[in-house]
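Colleague:
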Amino acid sequence: MNKIRINQLGYAPGLPKRAALLDQTSARLLDEAGQELRRFDGLRPWFDPASGDRVALIDLGRLAPGDYCLSAGEESRRIRVERRPYSALTGALVKGLYYQRCGCALEAAHAGPYAHAACHTAPAKLYENPEVELDASGGWHDAGDYGRYVSPAAVTVGHLLYAYRWFPKAFQDALNIPESGNGLPDVLNECRFELEWLLKMQREDGALYHKLTKKRFAPFIMPEEDKAQEYLLPPTHTATAGYAACAALASRAYRPFDAAFSARLLESAVRAWAWLEQNPRFIPYENPEDVKTGAYGDTNCLDEAFWAASELYASTGEARYLNALTALCPRVELSKFGWREVGGLGALCCLFELDGRLDKAFADGLQARFLLAADAALETARLSGYGTALSPDGYGGGSSLPILCNGMLLIAAWKRSGKAPYLDAALNQLDYLLGLNALDLSLVTGYGEKPFRFPHHRPSASDGVEAPVPGLVSGGPNARNNYPSTRERLPKGTYPAKSYLDETPSADTNEIAIYWNSPAVFVAACFDQLTRENG
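Numbering of the sequence shown is given in the numbering used here, commencing with residue 7 and proceeding in unit increments.
(1) So what does DSSP say about residue 135, is it helix, strand or coil?
(2) What three-state label does DSSP hand residue 442 in the structure shown?
(3) DSSP three-state call for residue 366: helix, strand or coil?
(4) Is residue 189 buried or exposed, if buried means 16 or more other CB atoms sit within 10 Å of its CB?
(5) I need the straight-line Cα distance from residue 7 to residue 173, nearest angstrom please.
(6) Considering only their Cβ atoms, is the gap separating residue 346 from residue 304 smaller than 7 Å?
(7) Spatial neighbours of residue 167 within its chain, please: C-beta separation below 7 Å, excluding the five flanking residues on both sides.
(8) Less than 7 Å separating the beta-carbons of residue 36 and residue 62?
(9) Return the CA-CA distance between residue 89 and residue 17, expressed in angstroms with no decimal places.
(10) Just to confirm before moving on: does the CB-CB distance between residue 529 and residue 452 stay below 7 Å?
(11) Using C-beta distances below 7 Å, list every residue in its chain close to residue 368, excluding the 5 sequence neighbours before and after it, in chain order.
(12) Excluding the 5 residues preceding and the 5 following residue 409 in the sequence, name in chain order all residues of the same chain whose CB lies nearer than 8 Å to its CB.
(13) Extract the residue ranges of the beta strand (DSSP E) inside the region 220-291, only unbroken runs of 3 or more that lie entirely within it.
(14) Report yes if the CB atom of residue 467 is closer than 7 Å to the CB atom of residue 226, and no otherwise.
(15) Within a Cβ cutoff of 7 Å, which residues of the same chain sit near residue 454, ignoring the five residues on either side of it in sequence?
(16) Is the Cβ-Cβ distance between residue 103 and residue 87 less than 7 Å?
(17) Tell me whether the region 246-255 and the region 273-283 touch, counting them as touching only if at least three CB pairs, one residue from each stretch, are closer than 8 Å.
(18) Can you give the Cα-Cα distance for residue 71 and residue 356, rounded to whole angstroms?
(19) Can you give me the C-alpha to C-alpha distance between residue 130 and residue 138, rounded to a whole angstrom?
(20) Do you know how far the Cα of residue 85 is from the Cα of residue 66?
(21) Measuring CB to CB, does residue 485 end up less than 7 Å from residue 502?
(22) Could you give the C-beta distance for residue 309 and residue 371, rounded to a whole number, given that I count them as a contact under 8 Å?
(23) For residue 179, collect the residues of the same chain with a Cβ closer than 6 Å to its Cβ; drop the 5 residues on either side in sequence, then sort them by chain order.
(24) Are the CB atoms of residue 286 and residue 125 nearer to each other than 7 Å?
(25) Less than 7 Å between C-beta atoms, sequence neighbours within five positions excluded: which residues of the same chain meet that for residue 233?
(26) Assuming residue 144 and residue 206 are in contact, meaning their beta carbons sit under 8 Å apart, how far apart are those beta carbons, in whole angstroms?
(27) Is DSSP giving residue 87 helix, strand or coil here?
(28) Go to residue 72, then tell me how far its beta strand (DSSP E) extends in each direction, as first and last residue.
(29) Straight-line CA distance for residue 334 to residue 311?
(30) Is the CB-CB distance between residue 25 and residue 64 below 7 Å?
In structure tokens, the structure reads:
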């Protein structure tokens with residue numbers, strides 16, 4: 007591997023431009039003509055416990071758009087500076103979700119070589135009463151498999167809607183999806199495709215079915231070839247509360263464009279909350295013995311309820327939701343944005359959507375807790391050789407998720423405080439995704455000098471196209487709970503940040519998931535908007 011690690015996609019003129027040098031004490035930055043612009047001498051590489059590398063992290067300084075060369079020892083890397091390096095990436099990460107669409111054909115006009123026929127259009131059966139069949143078609147395939155799960159779907163849409171509300175300029179470009187040009191930003195078009203499916207997952211009493219899957223994962227076949235029976239698994243508190251939050255947020259996002267759809271979403275969110283109130287005893291989800299697809303279980307529903315109460319209060323102004331969010335907030339961690347722990351999304355609602363509408367002492371306390379968590383993420387990034395906001399023991403399954411979610415946390419802290427170190431550290435998490443990491447790989451298919459190529463993703467492995475479906479984020483290194491086959495393939499003593507295989511069978515390190523794409527959209531959109539605003 008090259009001993010120079012960079013953001014392989016490119017850097018922006020007005021933002022920090024970091025590179026990592028392994029076991030190097032000096033480096034030179036050259037312009038396109040080979041003239042030396044800057045020297046870096048006296049570097050002191052230090053041991054990075056996550057990777058085992060000795061790393062010196064440098065800032066390349068102010069550079070105009072153009073091509074440069076960073077040279078260290080016998081090695082060099084091309085550095086690209088562009089005015090808007092993240093625009094195409096942001097769009098590709100959203101369109102990656104289009105390629106996950108279920109229940110419809112992906113036409114060649116929009117999907118190119120990744121086109122395929124309609125899939126999973128047959129009625130689903132209720133698991134508890136298979137004589138009952140329902141139409142639950144639509145939505146996004148959740149990950150590398152063909153299941154659809156409510157809690158991850160709600161969080162994914164939540165990430166995307168906050169990205170749009172905060173960084174709308176990053177979503178001005180059409181993405182060539184079927185709805186492009188209909189007057190709605192394409193990120194909202196894509197979210198609506200998932201929201202229409204979520205509405206189908208709600209029972210008349212307001213509860214949301216937990217998931218829609220087979221009893222077993224499909225083999226590696228194209229989605230239209232997967233004909234096994236699908237089942238609606240029983241409703242859960244976490245699915246219902248997460249949906250209530252997502253739908254209430256979406257009702258505000260779509261209100262300027264489609265008042266009827268907005269009202270439909272809010273009504274369904276209110277019904278979901280009512281079911282939670284009528285069924286206060288939390289029952290965690292567990293797969294039945296004969297169901298082996300992803301469980302997406304959770305140990306409590308407090309954070310989902312906090313997020314739901316916050317969004318419902320923001321959408322309705324009703325005191326019952328204010329009372330609920332105020333009571334729940336002290337019991338919830340406010341810095342998490344993943345599918346299992348969603349308290350951070352509730353915090354975003356309180357800090358920004360409800361700014362000025364909450365009791366000042368309560369709001370000040372919430373903000374103090376939030377910024378304290380951001381400070382911890384900032385310190386974790388500072389202690390990392392690569393500037394990654396993840397501790398060495400944090401590299402579990404889907405390690406890209408906490409890294410990108412800490413990017414979201416740091417961006418929110420910057421927006422709230424105006425302190426540049428938060429924003430700089432958030433950019434480093436995008437750099438990580440794009441190659442500034444211990445693997446020297448971009449973890450986005452199709453983007454960067456050396457993107458990963460073999461995702462655990464059934465369409466990519468089965469479509470006969472050499473390149474994988476573009477715009478998909480890898481789960482990344484996983485040093486915990488690995489498959490035995492992964493442990494056998496990795497050298498003994500492999501460090502956490504290198505516990506990764508770019509191989510299709512490695513679901514534990516190289517699967518894709520919609521809720522890994524969505525925080526990447528949020529982080530990329532932030533910096534895309536900044537570059538658009540700075541010309």
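We put the beta carbon where it would ideally sit given N, CA and C, even for glycine.
Modeller: Taking the definition as stated:
(1) strand
(2) coil
(3) Residue 366: helix per DSSP, three-state reduction.
(4) exposed
(5) 36 Å
(6) yes
(7) 197, 255, 256, 259
(8) no
(9) 8 Å
(10) Contact flag unset, no.
(11) Within the same chain, Cβ atoms closer than 7 Å to the Cβ of residue 368 are found at 332, the five residues on either side in sequence being excluded.
(12) 394, 395, 396, 435, 438, 439, 482
(13) none
(14) Here residue 467 is near residue 226, since their CB atoms are less than 7 Å apart.
(15) 14, 15, 440, 441, 448
(16) Result no, Cβ atoms of residue 103 and residue 87 do not sit closer than 7 Å.
(17) Touching, per the Cβ criterion.
(18) 39 Å
(19) Spanning the two alpha carbons is a distance of roughly 8 Å.
(20) 10 Å
(21) yes
(22) Contact flag wrong, Cβ pair sits at about 17 Å.
(23) 97
(24) Judged by their CB atoms, residue 286 and residue 125 are not nearer to each other than the 7 Å cut-off.
(25) Excluding sequence neighbours, residue 233 sits near nothing in its chain.
(26) A Cβ-Cβ distance of about 7 Å is found for the pair residue 144 and residue 206, placing them in contact under the 8 Å criterion.
(27) strand
(28) 72-78
(29) 8 Å
(30) yes
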